[in-house]
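Each protein sequence line maps, in turn, to chains A and B.
For the record, in the first sequence the residue sitting at position 160 is 160 according to the numbering used here, with numbers rising by one throughout.
Numbers in the numbering used here are just positions in the second sequence, counted from 1, shifted up by 1000.
The block underneath contains the structure these notes are about, expressed in structure tokens.
There are 2 protein chains.
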Amino acid sequence: MPLSMYTASVPVYVQYLSALAGVLKKAEAYCAAKKIDPNVLVTARLFPDMFALTRQVQIATDHAKGSLSRLAGVEIPSYADTEATFEDLQARIAKTLDYVQSFKPEQIDGSDDKHIVLDIHGNKFEFSGADYLMRWALPNFFFHTTTAYAILRHNGVEVGKRDFMSAQ
Amino acid sequence: MPLSMYTASVPVYVQYLSALAGVLKKAEAYCAAKKIDPNVLVTARLFPDMFALTRQVQIATDHAKGSLSRLAGVEIPSYADTEATFEDLQARIAKTLDYVQSFKPEQIDGSDDKHIVLDIHGNKFEFSGADYLMRWALPNFFFHTTTAYAILRHNGVEVGKRDFMSAQ
């Protein structure tokens, strides 16, 4: 199957969001096994002014839903960003997975040259659809899924690269 | 410009390897300013059985050179993995950037359906070229560039998302 805007996005998000859900499931089991308050892990961060685990998961899912919506030209669904437990984070990922999987190839394919404009705190970024996906949305998505993994790994959760890559 | 195997790989690697070089440059300057032995940072890791900074940079560059070589059907250049200083890491990234930029679109484009076989410690993984790039090589590349960034951020280096995304 040739590379297309759809094959470069939807299956990638599905694989790595499912893997992220698996990593969080192992983190929750780790809390139970070690009698650690799960709140310690969902609020953990790698440095005081970095985002905590919860926010990493929120932003990763935001990039998935935001990029597909922009490429398809539909309104981006707004999520409330109120997640505070592993259960909440799982629900957010599940909701995002449903949304990602609702897109049909014909909604995304052909958006390569679509003019995409982002307004980030008053800074305007303009891209073609292809550049937006490959050089902004996917790198940011992986940045936040990896940082979520790194926060948990740093706190002793026994996960490995295989967990990062696919639901085990 | 339509998405293609070339536009989905070479410009992405160039942008994020250049950004990684910038992050490491800031880390080296941070060591000088704070009178920290640079060896502390190049050997830093987020957990005892995770790879140190040096190895993260080595693996990130391996995914860049490995994926383009496999997609183009040329031999993968072997690097000695002996880097031990920031200067060594910069040289490795520069060498990888030269290699990545040596590929012409016609060497990479059309590799979407190429049969790619990886042998990882005796485990065989088979992909189409497109799946290999999008679901294996790029995610792994970003996993290791992000982890390098996270190690430095965790150690107080003042870098932000902009540094991760492009050389500042």
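A virtual CB, placed ideally from N, CA and C, is assigned to each residue, including glycine.
- Closest in alpha carbon position to A/Gln56, among A/Lys161, A/Leu152, A/Gln168, is A/Leu152.
- Short of 6 Å from the beta carbon of B/Arg1045, and not among the five residues preceding or following it, lie these beta carbons of its own chain, in chain order: Ala1052.
- Interface flag for A/Ala27 against chain B is unset, since no Cβ pair is found closer than 8 Å.
- Apart from the 5 residues on each side of it in sequence, A/Asn140 sits with its Cβ closer than 6 Å to the Cβ of His63 in its chain, given in chain order.
- Here DSSP, grouped into helix, strand and coil, assigns A/Val157 to coil.
- Nearest C-alpha to A/Tyr79 among A/Gly73, A/Asp88, A/Ala72: A/Asp88.
- In this structure, A/Gly73 is the residue among A/Gly73, A/Ala19, A/Lys104 with its C-alpha nearest to the C-alpha of A/Ile116.
- Ranked by Cα distance from B/Gln1058, the first of B/Trp1136, B/Ile1093, B/Lys1026, B/Ala1027 is B/Ile1093.
- DSSP lists B/His1115 as the beta-bridge partner residues of B/Ser1128.
- Distances from the alpha-carbon of A/Ala150 to those of A/Val12, A/Arg70, A/Ala8, A/Val23 put A/Val23 closest.
- With its beta carbon less than 8 Å from one in chain A, B/Asp1112 belongs to the interface.
- Beta-bridge annotation (DSSP): A/Asn123 is paired with A/Ile120.
- Short of 6 Å from the beta carbon of B/Ser1111, and not among the five residues preceding or following it, lie these beta carbons of its own chain, in chain order: Met1005, Leu1071, Gly1129.
- Within 8 Å of the CB of A/Arg70, no CB atom of chain B is found; the nearest one sits about 15 Å away.
- A/Glu83 counts as buried, since no fewer than 16 other beta carbons sit within 10 angstroms of its beta carbon.
- Apart from the 5 residues on each side of it in sequence, B/Tyr1132 sits with its Cβ closer than 6 Å to the Cβ of Ile1116 in its chain, given in chain order.
- Relative to the Cα of A/Thr146, the nearest Cα in the group A/Trp136, A/Ala137, A/Phe164 belongs to A/Phe164.
- Remark: C-beta atoms of B/Arg1135 and A/Val12 approach each other more closely than 8 Å.
- Shown here, B/Ala1091 sits in a helix according to DSSP, grouped into three states.
- A distance below 8 Å between beta-carbons, with the five flanking residues on each side excluded, links A/Gln101 to the following residues of its chain, in chain order: Val10, Val14.
- For A/Leu53, the closest Cβ of chain B is not nearer than 8 Å.
- Counting along the chain, the unbroken alpha helix (DSSP H) around A/Gln58 starts and ends at 53-72.
- Using a CB distance cut-off of 8 Å, A/Leu46 counts as an interface residue toward chain B.
- For A/Lys34, the uninterrupted alpha helix (DSSP H) segment begins and ends at 10-34.
- Between B/Leu1003 and A/Ala8 the beta-carbon gap is near 6 Å, inside 8 Å, which marks them as a contact.
- In this structure, B/Thr1096 keeps its C-beta atom at 8 Å or more from the C-beta atom of B/Pro1038.
- For the segment 14-42 of chain A, the set of positions with a beta-carbon nearer than 8 Å to some beta-carbon of chain B reads Gln15, Tyr16 in chain order.
- In summary, B/Phe1142 is buried, with 16 or more beta-carbon neighbours lying within 10 Å of its beta-carbon over all protein chains present.
- For B/Ala1148, no CB of chain A lies under 8 Å from its own CB, so it is not counted at the interface with that chain.
- At least one CB of chain B lies nearer than 8 Å to the CB of A/Arg135.
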